[in-house]
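The next block holds one structure in the form of structure tokens; read it before the comments.
There are 2 protein chains.
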Amino acid sequence: MKRIADSTVRRLSIYLRFLEEFEERGLATVSSEELARRGGTTSAQVRKDLSFFGSFGKRGLGYSVPELLTALREILGLGREWRVIIVGAGKIGAALAQYRGFRQRGFQIIAAYDTNPEKVGRPLEGVQVRDMAQLETDIARDRPDIAVLAIPSDNAQAVLDRVVKAGIKAVLNFAPAQLHAPADVTVKAVNMAMELEGLSFALTNRE
Amino acid sequence: MKRIADSTVRRLSIYLRFLEEFEERGLATVSSEELARRGGTTSAQVRKDLSFFGSFGKRGLGYSVPELLTALREILGLGREWRVIIVGAGKIGAALAQYRGFRQRGFQIIAAYDTNPEKVGRPLEGVQVRDMAQLETDIARDRPDIAVLAIPSDNAQAVLDRVVKAGIKAVLNFAPAQLHAPADVTVKAVNMAMELEGLSFALTNRE
């Protein structure tokens, strides 16, 4: 398949959310204009985004809401359960462990890891906290799909190397550090300060 | 100024981080190729991103690291202090309150707000938690620049309306809900499930 930009994938996630809302409201079809308006983009962009994945919709009739929903869920890999581990049982780890939106989408958090003996063995928002020393053994046994790194920057590369070596191919990184991984591993970063910079940019560059 | 895409602003934040690293390492200049390589983009994209904001760098010599750093900080509005309030003193609020990266960038968290009487009056990671009933009065007095919404989805639109009416022009929303705001208000969303969907997409569409 052609390389799809991150920004396209992000828009697919947004379209999915609108379609779920349309389905709840009992709408049978939706136009690319309506999806574009809601997503803050253009109808040409919507059609282009969807065209990567096949032929959807009929000219003048729009997209069938249930068909497009099914297709988007399949494209985004949401038809199955993904097993997730959280590395770091601090504040961010706890916020993630309790986040209800994950399970709804099929992301099951199977364990959290920490080095702190006071945290190990205690549940973190219902998730078992295990010793970091077990990380490799556990990954070999449990075969998680995704590792979320909720640890300080100075440890992040070392921990990334460990989960990658243990076979994990997808990582969500909350540490404010640029990490390096082999080409067959996808690393996505959530950087809270960068999100705020988007706002300071907007405030600074207002007309 | 021309309308700048969110993805461009995000890349500027990334370039800023590389430049800070180069400065620490004592490098005087950097090429668009090096910035592109580090940022996972093309040198043409780097040059285009920077060209929105003026003329930087000399052909064959690259960019001056200190000059480009100063320019990027100014473009991103990082030369000043931004006053931030957090609405919601739960797990995500706590994770944000303790996040060290904010203050380094000039984002000062001045207060958190909650409706829970057990939380009001107690510090949250060093940040004062105030009663939601004070929100409008406090905003009028303290003039925060940015509100971070770390609250459940069902309240998010109502709270957004309150902060907007009180005069706030920039909002970072952690609730998994699509919010509507007037055109002169910038709302950025951090959606944890969407971040994971980027990974399930990558895992599903691997060669």
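Protein sequences, first through last, are from chains A and B. Residues in the first sequence are numbered from 3 upward in steps of one, following our numbering. Residues in the second sequence are numbered from 3 upward in steps of one, following our numbering. Note that beta-carbon positions come from the ideal geometry of N, C-alpha and C, so glycine has one too. Since we're looking at a predicted model, the values are computed, not measured.
| Item | Value |
| --- | --- |
| Chain B contact residues for A/G2, given Cβ-Cβ distances below 9 Å | Any property of residue 2 of chain A remains undetermined from this structure, which presents chain A solely from 3 to 209. |
| Limits of the beta strand (DSSP E) - the one that B/N157 falls within | Segment S155 to K167 is the alpha helix (DSSP H) holding B/N157; no beta strand (DSSP E) there. |
| Distance between B/A177 and A/A204 (C-alpha atoms, nearest Å) | 21 Å |
| Cα-Cα separation, A/L18 to B/R13 | 25 Å |
| Opposing strand residues paired with A/Y65 [DSSP bridges] | A/V32 |
| Span of the alpha helix (DSSP H) around B/T206 | M194 to T206 |
| Alpha helix (DSSP H) segment containing A/L98, residue limits | K93 to A99 |
| As assigned by DSSP and simplified to three states, the class of B/V48 | helix |
| The region 94-108 of chain B in contact with the region 35-55 of chain B per 3-pair CB rule at 8 Å | no |
| Residues that B/N175 bridges to, as DSSP identifies them | B/L151 and B/A191 |
| From A/T44, A/Q47, A/T43 and A/V67, residue whose alpha carbon lies closest to that of A/G28 | A/V67 |
| Burial state of A/S34 (16 or more Cβ within 10 Å) | buried |
| Inter-residue Cα distance where the pair is A/Q47 and A/A38 | 8 Å |
| B/I94 at chain A interface by Cβ criterion, 9 Å | yes |
| Minimum Cβ-Cβ distance from A/A38 to chain B less than 9 Å | no |
| Neighbour-count burial assignment, A/K60, 16 or more Cβ in a 10 Å radius | exposed |
| Close-in-space but distant-in-sequence residues of the same chain around A/N193 (CB under 6 Å, 5 per side omitted) | P178 |
| Any C-beta of chain A under 9 Å from that of B/S33 | no |
| Which residues DSSP lists as bridging B/R85, in chain order | B/Q110 |
| Short CB-CB distance (under 9 Å) between A/I16 and chain B | yes |
| B/V11 at chain A interface by Cβ criterion, 9 Å | yes |
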